[in-house]
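Colleague: Residue numbers (our numbering): 2 to 802. We put the CB at the ideal spot given by N, CA and C, even for glycine.
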Ligand code: ANZ
Ligand code: ZN
């Protein structure tokens, strides 16, 4: 049987109206010094909202509503990441333009979000597929290009030989075209790139600003992705067939120069230009065949230690710079073309993969030379003899941004037979997408935009002669790399955002979103922020001061999916339980980083709790001028105890919110309801001041996660709307004396210990106590401390070097 939602749709609608009419959640931007920019990753409109969105929004709203109640000017914007492939595929099926599908979904999602009661500032809403937004994405592209940070070069793409088209990575399923099932190959086509590698050092070094604020795991992933390695380049002279030097050299990158004397062969990446140059004529065919096979495998598979070590001998030899020995040169797929120099020295005595390769191909394993004792000695020798020098290598590659797809931002470039590549002038932006529909979006050997001839053919902006537009569109990660800045000035028509607005709001104090964006989206946003900083548009170099990655919402132990039939639709849950019960169940489910199993939650229990809360407000009722009836003498002390509980609860919750322990906050609010009930049961009157204080405080606290019930309570307690405009309760310190609280210690963002301390503990005492804890000592493992953040009496946050 269905439980009737405690909060009917009508009541929800009533409060939504009140919030809109009062402009409750609009950022005031009134010059108040206390302001806070809170941000959720913006949704992609592929359908109605799912439970993952519901989780992010519920969690972030706790923080947004809290700071608002504390008197901060809060900016909590919402928008849509609305270009992308699913809309294009739907449009092909439905015979329409992708805007139709996109806008239908946005409308559905917007309805659900409003119903969910999230405190978004709708006046800043943006959608990346709108010309008034993408005009500035094109502007950004042109600024990058002016600085040499956007360029065209050959790049490997996924190519479907049957459909004659480039495929996005998402369209390649197990090596085959998602559409027709043909085996996908790699092709080199001219593509646009953003030169993120020029910012590699800054992307790494600025991470010190994020320590303590971002999960350590995400920082590690970013570091590994950039993959800076200090090493050396070593040059080997190529021997001509007669054994004398041919004047050519092979340069390898190594992090172990000390092992140079033990090198017994060289390996180059099969698809590198070097392989083709070094290859003897009678082996060229074999190399070509091998290269095609190698290029089809991904970098990760190719790097695996246990992968079968295949390769082709190129028929070429080099001289060992130390021993003068002749070393054979091979091409093999375990060497990656875009890493280091695309060539390595094989040292089977020291490196597992080299050893496996040597065994597989009968190459010499035991070296004639001994290793050098230290790398420093090796470097000194290389520099003295001119055979090499120190070098830095990065794993990071430039960002391939062009897509041969329709539903994205057109690249604002015109190709002229006389002038070459010409930028579309700023005052002619946006370059609008032509209105293509249905089968016009199907690739026909060329990108869909290339087939739209009347759109492609334009006069050259420089010479006026006949020219053609670039027919690629941008990766949607470009759209999302700067949207958080647009939120600062959503109405600006002459600039992407006003620097003075960005100065006021940036960086976002907290960014909440999924861990699946731990690398690319965050890296690109950081990159673009740094470029805009260099352009003088923003002061900060890091866009997001703190980051919270929520866990996944699963169902019955498995990820929700259509094929398992275990998907849960937010709309249905809202119909069934009401927004407050769903939100409360989400926040109460556990620590935000943990996965939530929807099957384990009980929104029905949350409904019962909310109904009890409402009843309590009814019992207390509106304040009247009549004196409160006095309590029976049997329970004189009840009021004081209740007051102590209320103030202690508020005080504890402040600390818990600072540590993102939202689930515990819910538990404390529930406990407050129980204590109030018990106190009433002892005979304290519902009209007593202490009871009123408890219930009013309860309503304010509850508004963080169950806003509709909180608003209703507030009204029934006799207040004007809205509880969102109530002030955060002020803690009366005199009620906290003799008190202890639980302090928590985090090391590298992970909870390591908790212990009881006096509320009066000082920062120094608390730091000392934390450092003496055995669990903390273990977590430190003797490593040096970079920074200790102490917030007495509750939090010690230790960041290691
Ligand atoms: C000789 C050597 C001896 C190496 C030894 C390692 C251990 P990471 O930190 O993993 O990048 N390397 C260089 N360029 C490469 C490429 N394009 N594809 C595949 N491997 C490449 O280590 C860098 C090491 O990876 C380099 O140091 C090189 O092998 C290899 F006992 O050189 B080493
Ligand atoms: Zn021209």
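Does at least one heavy atom of the ligand ZN sit under 7 angstroms from the Cβ of residue 468?
Modeller: Position 467 of the chain shown, counted from the first residue, corresponds to residue 468. The answer is yes for residue 468.
Colleague: Residue 637 to residue 650, Cα distance in whole Å?
Modeller: Translated into the one-based positions of the chain shown, residue 637 becomes position 636. Translated into the one-based positions of the chain shown, residue 650 becomes position 649. Confidence in residue 637 is poor, its pLDDT being 45 and thus under 50, which makes the residue's placement unreliable; the coordinate value appears in the next sentence. Straight-line Cα distance between these residues: approximately 22 angstroms.
Colleague: Given a threshold of 16 other Cβ atoms within 10 Å of its Cβ, counted over all protein chains shown, does residue 80 qualify as buried or as exposed?
Modeller: Position 79 of the chain shown, counted from the start, is the residue given in the question as residue 80. Buried, because 16 or more other Cβ atoms sit within 10 Å of the Cβ of residue 80.
Colleague: Given residue 648, which residues of its chain have a CB within under 7 angstroms of its CB, disregarding the five upstream and five downstream residues?
Modeller: Residue numbering aside, residue 648 sits at position 647 when the chain shown is read from its first letter. Contacts found: 732, 733, 736 and 737.
Colleague: Put residue 592 into one of helix, strand or coil per three-state DSSP.
Modeller: Locating residue 592 in the chain shown gives position 591, counting from the first residue. Of the three classes helix, strand and coil, the one that applies to residue 592 here is coil, per DSSP.
Colleague: Confirm the yes/no value for this check: CB of residue 423, any heavy atom of the ligand ZN, distance under 7 angstroms.
Modeller: As a working note, residue 423 is residue 422 in the chain shown. Correct: residue 423 has its Cβ closer than 7 angstroms to the ligand ZN.
Colleague: If you compare alpha carbons, which of 189, 773, 472 and 332 is closest to residue 412?
Modeller: Start at 1 with the first residue of the chain shown, and residue 412 comes out as number 411. Closest option to residue 412, Cα to Cα, is 472.
Colleague: Where does residue 667 land, buried or exposed, given buried means 16+ other C-beta within 10 angstroms?
Modeller: As a working mapping, residue 667 is identified with position 666 in the chain shown. So residue 667 counts as buried.
Colleague: Assign residue 634 to buried or exposed, taking buried as 16 or more other Cβ atoms, counted over all protein chains shown, within 10 Å of its Cβ.
Modeller: Here residue 634 is taken as the residue at index 633 of the chain shown, counted from 1. For residue 634, the predicted model reports a pLDDT of 42, less than 50, meaning its position is unreliable and no value from the coordinates is stated.
Colleague: Does residue 375 pass the burial test, meaning 16 or more other C-beta atoms within 10 Å, or should it be called exposed?
Modeller: The residue you call residue 375 lines up with position 374 of the chain shown. With fewer than 16 other Cβ atoms within 10 Å, it is exposed.
Colleague: Measure the C-alpha to C-alpha separation of residue 632 and residue 640 and round it to an integer number of angstroms.
Modeller: Sequence index remark: in the chain shown, residue 632 carries index 631 (1-based). Sequence index remark: in the chain shown, residue 640 carries index 639 (1-based). The predicted position of residue 632 is uncertain, since its pLDDT is 46 and thus under 50; a value taken from the coordinates is nonetheless stated next. C-alpha separation (whole angstroms): 9 angstroms.
Colleague: Counting only runs of 3+ residues fully inside the region 260-297, write out the beta strand (DSSP E) ranges in chain order.
Modeller: DSSP runs (the beta strand (DSSP E)) wholly in the region 260-297: 266-269.
Colleague: Roughly how many angstroms separate the alpha carbons of residue 428 and residue 415, rounded to a whole number?
Modeller: Translated into the one-based positions of the chain shown, residue 428 becomes position 427. Translated into the one-based positions of the chain shown, residue 415 becomes position 414. So the two alpha carbons sit approximately 15 angstroms from each other.
Colleague: Can you tell me whether residue 200 sits near the ligand ANZ, meaning its C-beta is under 7 angstroms from at least one heavy atom of the ligand?
Modeller: Taking the first residue of the chain shown as position 1, residue 200 is located at position 199. Result no, Cβ not under 7 angstroms from the ligand ANZ.
Colleague: Considering only their Cβ atoms, is the gap separating residue 767 from residue 797 smaller than 8 angstroms?
Modeller: Locating residue 797 in the chain shown gives position 796, where the first residue counts as 1. Locating residue 767 in the chain shown gives position 766, where the first residue counts as 1. Yes.
Colleague: Alpha carbon to alpha carbon, how far is residue 612 from residue 27?
Modeller: Here residue 612 is taken as the residue at index 611 of the chain shown, counted from 1. Here residue 27 is taken as the residue at index 26 of the chain shown, counted from 1. One C-alpha to the other measures close to 30 angstroms.
Colleague: Let me know if residue 368 comes out buried or exposed under the rule of 16 or more other beta-carbons within 10 Å of its beta-carbon.
Modeller: Residue 368 sits at position 367 when you count from the first residue of the chain shown. When all chains shown are included, residue 368 counts as buried.
Colleague: Is residue 233 near the ligand ANZ, going by C-beta to nearest heavy atom under 7 angstroms?
Modeller: As a first step, residue 233 is located in the chain shown; it is residue number 232 there, counting from the start. Every heavy atom of the ligand ANZ is 7 angstroms or more from the Cβ of residue 233, so no.
Colleague: Considering only heavy atoms of the ligand ANZ, list every residue whose Cβ is less than 5 angstroms from one of them, following chain order.
Modeller: That gives 230, 254, 255, 256, 257, 260, 336, 337, 340, 341, 345, 348, 351 and 352.
Colleague: If I measure Cβ to Cβ from residue 617 and keep anything under 6 angstroms in the same chain, skipping five residues before and after, which residues do I get?
Modeller: Here residue 617 corresponds to residue number 616 of the chain shown, with the count starting at 1. Only 696 meet the Cβ criterion.
Colleague: Specify the secondary structure class of residue 83 as computed by DSSP and reduced to three states.
Modeller: Counting from 1 along the chain shown, the entry for residue 83 is found at position 82. Correct three-state label for residue 83: coil.
Colleague: By DSSP's criteria, residue 328 is part of a beta bridge. Which residues make up the other side?
Modeller: Working through the chain shown from its first residue, we reach residue 328 at position 327. Bridge partners of residue 328: 319.
Colleague: Just to confirm, does residue 280 get its C-beta within under 7 angstroms of one of the non-hydrogen atoms of the ligand GDP?
Modeller: This structure lacks the ligand GDP; the ligands present are the ligand ANZ and the ligand ZN.
Colleague: Taking the straight line between their C-alpha atoms, what separation do you get for residue 17 and residue 42?
Modeller: Indexing the chain shown from 1 puts residue 17 at position 16. Indexing the chain shown from 1 puts residue 42 at position 41. One C-alpha to the other measures close to 23 angstroms.
Colleague: Would you mind reading off the limits of the alpha helix (DSSP H) that contains residue 728?
Modeller: As a working mapping, residue 728 is identified with position 727 in the chain shown. It is not in any alpha helix (DSSP H) - residue 728 carries neither H nor E in the DSSP assignment.
Colleague: Going by the CB atoms, is the gap between residue 320 and residue 383 shorter than 8 angstroms?
Modeller: Here the question's residue 383 lines up with position 382 in the chain shown. Here the question's residue 320 lines up with position 319 in the chain shown. Their beta carbons are not under 8 angstroms apart, which means residue 383 does not touch residue 320 by this criterion.
Colleague: Is it true that the CB of residue 199 sits closer than 8 angstroms to the CB of residue 150?
Modeller: For the purposes of this step, residue 150 is taken as the residue at position 149 of the chain shown. For the purposes of this step, residue 199 is taken as the residue at position 198 of the chain shown. Yes.
Colleague: Thinking C-beta only, is residue 323 closer than 8 angstroms to residue 255?
Modeller: Taking the first residue of the chain shown as position 1, residue 255 is located at position 254. Taking the first residue of the chain shown as position 1, residue 323 is located at position 322. No. Outside cutoff.
Colleague: With a threshold of 8 angstroms, are at least 3 pairs of Cβ atoms found where one atom belongs to the region 393-400 and the other to the region 210-223?
Modeller: Contact fails: fewer than three Cβ-Cβ distances are below 8 angstroms.
Colleague: Determine the contact status of residue 334 and residue 303, defining contact as a CB-CB distance below 8 angstroms.
Modeller: The residue labelled residue 334 in the question sits at position 333 within the chain shown. The residue labelled residue 303 in the question sits at position 302 within the chain shown. Contact flag set, yes.
Colleague: Would you say residue 734 lies against chain C (beta-carbon separation less than 8 angstroms)?
Modeller: Given the protein chain composition of this structure (a single chain), no chain C is represented.
Colleague: Helix, strand or coil for residue 786, going by three-state DSSP, please let me know.
Modeller: By 1-based counting over the chain shown, the position of residue 786 is 785. Three-state DSSP puts residue 786 in a strand.
Colleague: Measure the beta-carbon distance from residue 476 to residue 402 and round it to whole angstroms, keeping in mind my assumption that it falls under 8 angstroms.
Modeller: Position 475 of the chain shown, counted from the start, is the residue given in the question as residue 476. Position 401 of the chain shown, counted from the start, is the residue given in the question as residue 402. Right, their Cβ atoms sit about 5 angstroms apart.
Colleague: For the putative contact between residue 116 and residue 22, defined by C-beta atoms under 8 angstroms, what is the C-beta separation to the nearest angstrom?
Modeller: The residue labelled residue 116 in the question sits at position 115 within the chain shown. The residue labelled residue 22 in the question sits at position 21 within the chain shown. Contact doesn't hold; Cβ gap of about 17 angstroms is too wide.
Colleague: Residue 420: beta carbon under 7 angstroms from a heavy atom of the ligand ZN?
Modeller: The residue you call residue 420 lines up with position 419 of the chain shown. Yes, since a heavy atom of the ligand ZN falls inside the 7 angstroms radius drawn around the Cβ of residue 420.
Colleague: Using the beta-carbon count (16 or more within 10 Å), is residue 306 buried or exposed?
Modeller: To locate residue 306, count along the chain shown from 1; it is residue 305. By the neighbour-count rule (16 or more Cβ atoms within 10 Å), residue 306 is not buried but exposed.
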